[in-house]
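Visitor: Residue numbers (the UniProt record's numbering): 1 to 112. Here a beta-carbon is modelled for each residue, glycine too, at the ideal position from N, C-alpha and C. If you're wondering where the values come from, they're calculated on a predicted model, not measured in any experiment.
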Amino acid sequence: MSKLHDPDAVSNLKGLIGDEKFSIILSSSRASLESIVTELKNAYQEQDHETMRRAVHSIKSSVGNYGAIKVSQKAEELELRYKDNLLDQAETEIPEIEAMVQQVLAELDEYL
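Put into structure tokens, the structure is as follows:
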């Protein structure tokens, strides 16, 4: 399985902010992303389209910091769909983006 994050992007980020701050930010990002995915799933259950849109927007931004372009692009696609209330595929899209986020988080664990 190919990596979803870009190791060079992570190295550049670490170089800019230092190892200690990077570890703190990565730990915070991990907790935040897990919370956002839960929020997305709950919003889907409640048919709260605006919260769904905001959640995938947050995913897009968060994973982008680690060079996870494929995940960021998928989240952007969902953001546009949910903005237009196109939820016909949300039941399968949400588990897909969740799995992608979990893969990125597992990959990033090697930096902690």
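I'd like to check one pair, residue 75 with residue 63: are the Cβ atoms closer than 9 angstroms?
Guide: In contact: residue 63 and residue 75 (Cβ atoms closer than 9 angstroms).
Visitor: Taking Cβ to Cβ, would you say residue 109 is nearer than 9 angstroms to residue 67?
Guide: Against a cut-off of 9 angstroms, the Cβ pair of residue 67 and residue 109 comes out as no contact.
Visitor: So residue 103 and residue 4 are supposed to be a Cβ contact under 8 angstroms. How far apart are they, rounded?
Guide: Confirmed, about 5 angstroms.
Visitor: Can the beta-carbon of residue 97 be found closer than 9 angstroms to that of residue 59?
Guide: It is a contact, given that the beta carbons lie within the stated cut-off.
Visitor: Over what stretch of residues does the alpha helix (DSSP H) that includes residue 49 continue unbroken?
Guide: Start and end: 49 to 64.
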